[in-house]
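K.L.:
The listed protein sequences derive, respectively, from chains A and B. So the first sequence is numbered by my numbering: it starts at 1 and just counts up by one. So the second sequence is numbered by my numbering: it starts at 1001 and just counts up by one.
Protein chains: 2
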Amino acid sequence: MTKVIVIGGVAGGATFASQLRRLDSECEITLFEKDRDVTFANCGLPYYLGNIIEKRSELLHFTPEQFKEKKDVTAKVFHEVIHVEPNHQTVTVKDLKNNTTFTEDYDYLVMSPGCRANRLPLDSDMIFTLRNLEDTDAIESYIEENNVQKALIVGAGYISLEVLENFYNRGIQTTLIHRSEAINKLMDQDMNQVIFDTMDEQNIDYRLNEEVESVDGKTVHFKSGKAEDFDIIIEGIGIKPNTEFLEDAGIEEDDAGYIPVNEFFQTNYRNVYAIGDIASYRYRHVDLPTHVPLAWGAHRAASIVAEHITQTRNIPFKGFLAANAVKFFDYTLASVGVTPADLKHFDYTMVESKQMNHAGYFPGAEPLHLRVYFEKSTRKIIRAAAVGKAGADKRIDILSLAMQNDMTVDELTEFETAYAPPYSSPKDIINMIGYKAQEK
Amino acid sequence: MTKVIVIGGVAGGATFASQLRRLDSECEITLFEKDRDVTFANCGLPYYLGNIIEKRSELLHFTPEQFKEKKDVTAKVFHEVIHVEPNHQTVTVKDLKNNTTFTEDYDYLVMSPGCRANRLPLDSDMIFTLRNLEDTDAIESYIEENNVQKALIVGAGYISLEVLENFYNRGIQTTLIHRSEAINKLMDQDMNQVIFDTMDEQNIDYRLNEEVESVDGKTVHFKSGKAEDFDIIIEGIGIKPNTEFLEDAGIEEDDAGYIPVNEFFQTNYRNVYAIGDIASYRYRHVDLPTHVPLAWGAHRAASIVAEHITQTRNIPFKGFLAANAVKFFDYTLASVGVTPADLKHFDYTMVESKQMNHAGYFPGAEPLHLRVYFEKSTRKIIRAAAVGKAGADKRIDILSLAMQNDMTVDELTEFETAYAPPYSSPKDIINMIGYKAQEK
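1) Residues of chain C with CB closer than 8 Å to the CB of T417(A), please, in chain order.
2) Is there a Cβ of chain A sitting closer than 8 Å to that of L1059(B), yes or no?
3) I'd like the ranges of any beta strand (DSSP E) spanning at least 3 consecutive residues and lying wholly in the segment 1174-1214 of chain B.
4) Got a sec? Which residues, its chain only, sit under 6 Å from F1167(B) by beta carbon, not counting five neighbours each side?
5) So who's on the other strand from N324(A), going by DSSP bridges?
6) Could you tell me which chain B residues have their CB closer than 8 Å to the CB of G9(A), listed as they occur along the chain?
7) Report the neighbours of I53(A) on chain B: residues whose CB is nearer than 8 Å to its CB, in chain order.
8) Are G13(A) and V91(A) closer than 8 Å when you measure CB to CB?
9) Pop quiz: Y1048(B) and R1056(B) are said to be a contact at Cβ under 8 Å. What is the actual Cβ separation, rounded to whole angstroms?
10) Would you kindly work out how many angstroms separate the C-alpha atoms of R1021(B) and D1205(B), rounded to a whole number?
11) Please list the partners that D197(A) has in chain B, where partner means a Cβ-to-Cβ separation under 7 Å.
12) Skipping 5 residues on each side, what residues in its chain have a beta carbon closer than 8 Å to that of K1218(B)?
13) Do E1080(B) and K1094(B) count as a contact pair if the criterion is CB distance below 8 Å?
14) Please confirm whether G1257(B) and G1155(B) have their CB atoms less than 8 Å apart.
15) Cβ atoms of D397(A) and S377(A): under 8 Å apart, would you say?
16) Quick one: using the 10 Å Cβ neighbour count with 16 as the cut-off for buried, is R300(A) buried or exposed?
17) Pick out whichever of I1159(B), I1143(B) and T1198(B) has its Cα sitting closest to the Cα of G1171(B).
18) Residue range of the beta strand (DSSP E) that F1374(B) falls in?
19) According to DSSP, simplified to helix, strand and coil, what is L288(A)?
20) In terms of residue numbering, what span does the alpha helix (DSSP H) encompassing L31(A) cover?
21) Just to make sure I have the definition right: I need the residues of chain A whose C-beta is within less than 7 Å of the C-beta of P1421(B). Which are they?
22) Assess, as a yes-or-no matter, whether the segment 1383-1400 of chain B is touched by the segment 1423-1435 of chain B under the definition of 3 or more beta carbon pairs within less than 8 Å.
23) Do you know whose CA, among Q1089(B), P1293(B), I1029(B) and N1098(B), lies nearest P1064(B)'s CA?
24) Assuming I275(A) and A298(A) are in contact, meaning their beta carbons sit under 8 Å apart, how far apart are those beta carbons, in whole angstroms?
25) To be precise: take each residue of the segment 1324-1341 of chain B, compare its Cβ to all Cβ atoms of chain A, and keep it if any distance is under 9 Å. Which residues remain?
26) Residues of chain A with CB closer than 7 Å to the CB of K1427(B), please, in chain order.
27) Using a Cβ-Cβ cutoff of 7 Å, what residues of the segment 1380-1395 of chain B are near chain A? List them in chain order.
28) Less than 8 Å between the beta carbons of L120(A) and V212(A), yes or no?
29) Kindly provide the ranges of any beta strand (DSSP E) runs that are 3 or more residues long and lie completely inside the segment 1060-1138 of chain B, ordered along the chain.
30) Indicate whether N1132(B) and F1040(B) have their beta-carbon atoms separated by less than 8 Å.
31) Name the DSSP bridge partner or partners of E352(A)?
32) Please name the residue in G1009(B), T1101(B) and S1224(B) whose C-alpha comes closest to that of D1277(B).
33) Taking the C-alpha atoms as reference points, what is the distance between S1180(B) and E1165(B)?
34) DSSP three-state label for T1312(B), please.
35) Which whole-angstrom value describes the C-beta separation of T136(A) and L60(A), a residue pair presumed to lie in contact below a C-beta threshold of 8 Å?
36) For the segment 1309-1321 of chain B, enumerate the residues whose C-beta is nearer than 8 Å to any C-beta of chain A, in chain order.
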């Protein structure tokens, strides 16, 4: 019987295990997860802290027992894979509860251990990161038990922004600091202005070019020389791949510890796959490397690998467009394509439009700002970014599909929107981008 | 100096005149409109009657005086073009106020007279249709002056549905009748169930397979034998093109009075163009004729013709995808591609998905029903339809762009959505359609 071992039980690993079982009712699937839970919805965690998602059960699809019962997947939690021998097709697993070690062999190994949060070199019981349900429970308990009134958020990526909003929603007074001025880095920096405006409107304190120097009890000493008391600190200062266990395994990694894979997510060992946040891949639409540690890619990879192992079909992955969206209070900030930092590799032009998300005379119309970058020589779209209260996600999804099809910016004039006054305009903002680009 | 005559002052004609002026500051543009107004937003008219759009001024972009002042377009209202002599390049115009007739010559003629409402052969002062701002004003005055409490809507196309909702919103008790069971014909009939369910919930009376036999004062006698009093009747029983003035002009028409045009909207006379609702065209994605009397096409044609006449650029029109959307109370019903009636020309398969419009655990998730039709041999998408409370318009817009790019249904697995819990799922409903189709 085919034996498949899966490392990691969240978006990539658990989804892969479910997909594989759907395609192959026979094979033996064993999943090792070093932490407490499998199959939780990690994108929902900040909203549980904000009481926006009220039931914790909404976040957890399966316990290990349910995973066995519903999908015949043997999920072993608190089991950390500490070594892989690809030439012998074995993994060494540490049972963290019993402090024992054992070896298992596999026909196929699918690795999706994810990334972990970077940590500041600070020693304090009130500092947390938010990567999984255990973290969430720990934060929730700490808030309840310590009557948390004042929170410090360190870092300004999308998880920090979501935590900020959710802490605000539950009445915690929140301060955000960031070590530079460049927040929410997938977005054009000037389009992040709505984030600062919103924080100003809500009287949320934020400080740029600021860092934590030390923590003494509740007192936080900042690089700027300020000192202030907080009840909790949430760190969101970047991630690194959980690939240390592959040291000496002979599986190729890049300098940052990410694992390059081919179009079927195979590593340099053909029966060893890497999916989810640890995989290093390329953009779909341009010839540049990228990491996209987001849920869509983990799910897509899970399907492709399950199909590939079972030889149900052989559909290669064509690369990432890096579509992403974050909600911040009433705003949506979304983008797709190369990052602002990667634009330097191109000779490009930018065209933008600001108009209402639907017919201006229809109630509820809100301003929408859409920006599209295209390569001068080919006129192919390489990046798009949108900010607005409604309709931003829709336009980025449309432009994601445009980039999937290698469209030129001019062809956006031909996009036929399903128009009625509540939805768009007879010349949608997507069309306007095309018309404006034609004049460049 | 180049003389351009435009027939019709709404979406097609007025937009064309504005676009032409933008590209050519010199030419002489004269627009003849047989009715009272130009440049009004006809898609907003039902919402003005429902007091959803409160200011009438929101609906009217320009008076003729403003059109002259802002765009240097001479717009003559109550001026009906009654004859065209393409060989002499002249139009005969009737001044309806002064009952005089005159002839004007042109270098280019752009015809966008639109369609008019079909009428029942009934003689009553309380029967109205809703095609323009004059109709809207007449209905509004009649409602106010006659203390209208009870309305009968005849017909169940999208304008009838919009009028029904808006009358309901202003507290008018409304009954809808339709001569068959097939309502809102661009939508799959079973997907229209939400319309009936909503009317049931709101206690709105509707009767299928019913027609008006006669009207006697306020009493309406129905084909079924019933009789009932109403204060107003709104007819929405189809449209026909306003092309009678072309009789003997030598400009080709099809049997229904629509005007076939080429990819630049030229008629059989190369300096005579037909745009908007009167043009007969072909689908973009399949080889079948269609009429699409909707705003997007009128605006797109206006741009293409303005570019063509000025030779700014020569971008041919590649055909309609017929994307459309209608709001009915909390629901959106949207579709794109061939009509349900046109499906008979294809050997097709249908795949559908019902799932939440975004992550189910995030508040506000609503069921969404998406259906995609594809041709068996090519697997190209030929039609899609969506119904839901939110997100239906977004998915149809995405599928419109998919059809613009001749995508196969299988390629929908690769659509990279900008995912966060408020917007979609890691496997968006678009992806699910692709995955399900792969198994067919």
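Ideal Cβ positions, reconstructed from N, Cα and C, are used throughout, including at glycine.
P.N.:
So, from the data block:
1) Given the protein chain composition of this structure (A and B), no chain C is represented.
2) yes
3) 1205-1208
4) A1151 and T1174
5) S335(A)
6) Going along chain B, no residue has its Cβ under 8 Å from G9(A), so there is no contact; the nearest lies around 15 Å.
7) Y1361, F1362 and P1363
8) no
9) 6 Å
10) 49 Å
11) Neighbours of D197(A) on chain B: none; closest Cβ ~20 Å, over 7 Å.
12) M1126, D1229, F1230 and D1231
13) yes
14) no
15) no
16) buried
17) I1143(B)
18) P1367 to E1375
19) coil
20) That residue, L31(A), is in no alpha helix (DSSP H); its beta strand (DSSP E) goes E28 to E33.
21) C43, G44 and Y47
22) yes
23) I1029(B)
24) 6 Å
25) N1324, A1325, V1326, K1327, T1332, A1334, S1335 and V1336
26) H299
27) D1393 and K1394
28) yes
29) 1074-1077, 1079-1085, 1090-1095, 1100-1105, 1108-1111, 1115-1117 and 1127-1129
30) yes
31) R371(A)
32) G1009(B)
33) 20 Å
34) coil
35) T136(A) to L60(A), Cβ: 11 Å. No contact.
36) R1313, I1315, K1318, F1320 and L1321
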